[in-house]
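Take a look at the structure set out below.
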Amino acid sequence: MSRPKKPPRWLEAARVRDSGGDGEWLARALSRAGVLPQAEAEEAIRQRRVKLDSREVMEPMSPVGPKSRVTVDGHPVSLSWRTQVIMLHKPAGAVAHGSDKKATSTVFDTLRSALPPELVRFGWHSVGRLDRDTTGLLLFTNDERFVAHATAPATHLPKTYVARVGVKVTSEKLEPLRNGVLIDDGEVTRPAKAFPRGEDSVELVLTEGRFHQVKRMLNAVGLPTLALHREAVGELMLDVEVGTCRPLTDAEVREKLGYTPRS
Ligand code: URA
Numbered sequence: 070m071s072r073p074k075k076p077p078r079w080l081e082a083a084r085v086r087d088s089g090g091d092g093e094w095l096a097r098a099l100s101r102a103g104v105l106p107q108a109e110a111e112e113a114i115r116q117r118r119v120k121l122d123s124r125e126v127m128e129p130m131s132p133v134g135p136k137s138r139v140t141v142d143g144h145p146v147s148l149s150w151r152t153q154v155i156m157l158h159k160p161a162g163a164v165a166h167g168s169d170k171k172a173t174s175t176v177f178d179t180l181r182s183a184l185p186p187e188l189v190r191f192g193w194h195s196v197g198r199l200d201r202d203t204t205g206l207l208l209f210t211n212d213e214r215f216v217a218h219a220t221a222p223a224t225h226l227p228k229t230y231v232a233r234v235g236v237k238v239t240s241e242k243l244e245p246l247r248n249g250v251l252i253d254d255g256e257v258t259r260p261a262k263a264f265p266r267g268e269d270s271v272e273l274v275l276t277e278g279r280f281h282q283v284k285r286m287l288n289a290v291g292l293p294t295l296a297l298h299r300e301a302v303g304e305l306m307l308d309v310e311v312g313t314c315r316p317l318t319d320a321e322v323r324e325k326l327g328y329t330p331r332s
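Numbering-wise, my numbering comes out as the position in the sequence shown, counting from 1, plus 69.
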């Protein structure tokens with residue numbers, strides 16, 4: 070009689086996670102708890118520097134649970150974690166990933182050089198994306214559920230942008246944006262708030278985030294986007310200098326972004 074096949078590691082991990090417990094994969098748990106960024110955690114595991122319940126492990130996706138005892142280089146580490154959210158003022162030129170040849174850096178490079186030392190060992194996820202030339206408020210977190218909350222279409226978390234269009238715009242010209250416009254993927258956008266701002270700019274508040282959405286919406290009403298800046302997400306206004314960041318308080322995450330942080 071053949072022996073029952075052992076389930077693959079990822080499936081075991083998914084079962085632990087879905088069992089309602091606090092289960093997780095080892096490398097991800099280490100990065101979420103701020104012990105080591107994920108790539109470094111994977112490397113440390115492969116180099117046999119990590120022990121799980123006194124046993125050497127070599128598989129970054131080994132399942133861990135709330136009672137797992139983990140050591141790195143012989144030192145006990147805690148996998149307990151709380152939601153962390155960082156506000157970064159993204160400079161122009163930085164991209165979400167390194168494949169863009171015109172990029173000066175990635176947003177993760179900018180974040181790493183701006184973070185205080187006690188936060189550099191976390192694995193950070195960017196909460197949505199901004200185009201290379203877009204500046205402004207970009208959030209990062211160690212909590213994937215927060216990413217899902219902030220980016221899910223169903224949450225309708227408003228994002229406020231200011232676009233320089235180079236001409237004085239009338240409120241009537243923006244009326245189609247308030248009703249929803251057909252953009253070039255054949256979809257109609259959700260109604261947005263749209264106002265003229267200053268001599269040559271437009272303020273747009275969107276509750277969805279499609280690829281190049283602001284640029285495509287302005288294009289649909291005959292306006293170019295000469296520069297684009299995101300100044301708020303939810304009720305959270307950007308309040309740090311370009312290229313710098315700060316952690317949000319739990320109260321800000323709860324009250325301004327509508328998410329109950331794990332604390
Ligand atoms: N819409 C855009 O067109 N670009 C951005 O970076 C963000 C929203």
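Ideal Cβ positions, reconstructed from N, Cα and C, are used throughout, including at glycine.
*Tell me, please, which residues DSSP counts as bridged to Y230.*
L273, R299
*Who are the Cβ neighbours of T175 in its own chain at under 8 angstroms, not counting the five residues just before and after it?*
A163, V164, A165, H166, G167
_Beta-carbon proximity check, N211 vs S131, cutoff 9 angstroms_ = no
*asked:* For a test of the three-state rule: what should DSSP assign to V257, helix, strand or coil?
replied: strand
*Taking the DSSP output, what are the residues bridged to H158?*
L206
_Could you tell me which whole beta strand (DSSP E) segments of length 3 or greater appear in the stretch 102-152?_
119-121, 139-141, 144-146
*For A223, which option in P316, G278, R331 has the closest C-alpha, if you only look at C-alpha atoms?*
G278
*asked:* If I follow the unbroken beta strand (DSSP E) through R323, where does it start and stop?
replied: No beta strand (DSSP E) contains R323, which is instead part of the alpha helix (DSSP H) from 319-326.
_Among P260, A172, H194, nearest to A108 - alpha-carbon criterion_ = H194
*Hey, out of Y328, R323, A296, whose CA is closest to R201's CA?*
A296
*Since L275 and A261 are thought to touch, with beta carbons under 8 angstroms apart, how far apart are those beta carbons, to the nearest angstrom?*
5 angstroms
*Nearest-angstrom Cα distance between E321 and L305?*
8 angstroms
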